[in-house]
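Written out below as structure tokens is the structure these notes cover.
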Amino acid sequence: DVCRSFEQVAKVEKFHETRYRKLINNLMNGEVFKKKEPVVWHCINCGHVIESADAPKECPACKHPQAYYEVLA
């Protein structure tokens, strides 16, 4: 049913809106790789995890740059 498909797409897009608004807020406040409180950071290349307020500048395990870190949800 086309109506149900569009309802499901609307739910997904609402999630995307929330996610991207958080990202914009983090960018504007300089908090993409620096948080106010310690969080668990996860390297999306090798899986290394570390608890810290800041993401490492470089992954100590695989040497990928900071851009490969995300907050583990």
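For the sequence shown, our numbering assigns the number 923 to the last residue and increments by one with no breaks.
Backbone N, C-alpha and C fix where the C-beta goes; we use that ideal spot for every residue, glycine too.
Helix, strand or coil at residue i [DSSP, three-state]
i: residue 899; result: strand
i: residue 912; result: coil
i: residue 879; result: coil
Beta-bridge partners of residue i, as assigned by DSSP
i: residue 884; result: 904
i: residue 919; result: 893
Given residue i as reference, the closest of the options once Cα atoms are compared
i: residue 883; options: 854, 901, 897; result: 901
i: residue 920; options: 898, 858, 910; result: 898
i: residue 890; options: 906, 880, 879; result: 906
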